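Going by this note's numbering, the sequence shown wraps up at 392, each residue one higher than the last.
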Amino acid sequence: MPFRFPIQILLLLLLLLLLLLLLLLLLLLLLLLLLLLLLLLLLLLLKLLILLLLLLLLLLLRLLLLLLQL
């Protein structure tokens, strides 16, 4: 009987460690997902910015053409 008790404790500790590792892995996955989302958002913002700049350029060109016609 005395030999069985430490083994149970060891098993319990192992189980706890496994759970902790699983939790850590889950957290890491969540973090990775968040990072990916952030990256996508940044890309979207960049696209919007480029579109805005192109629009501005187009407006400037049109204004220039109008000025040249006068």
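Where a beta carbon is used, it is the ideal one built from N, C-alpha and C, also for glycine. If you're wondering where the values come from, they're calculated on a predicted model, not measured in any experiment.
So for residue i, helix, strand or coil by DSSP?
| i | result |
| --- | --- |
| LEU392 | coil |
| LEU381 | helix |
Could you check if residue i is buried or exposed, using at least 16 other CB atoms within 10 Å of its CB as the buried criterion?
| i | result |
| --- | --- |
| MET323 | Any answer about MET323 is weak, because its pLDDT of 49 lies below 50 and its placement is not dependable; what the coordinates show is given next. Classification of MET323: exposed, given that the 10 Å Cβ count is below 16. |
| LEU346 | exposed |
*Whole alpha helix (DSSP H) runs in the region 337–376 with 4 or more residues, listed along the chain?*
none
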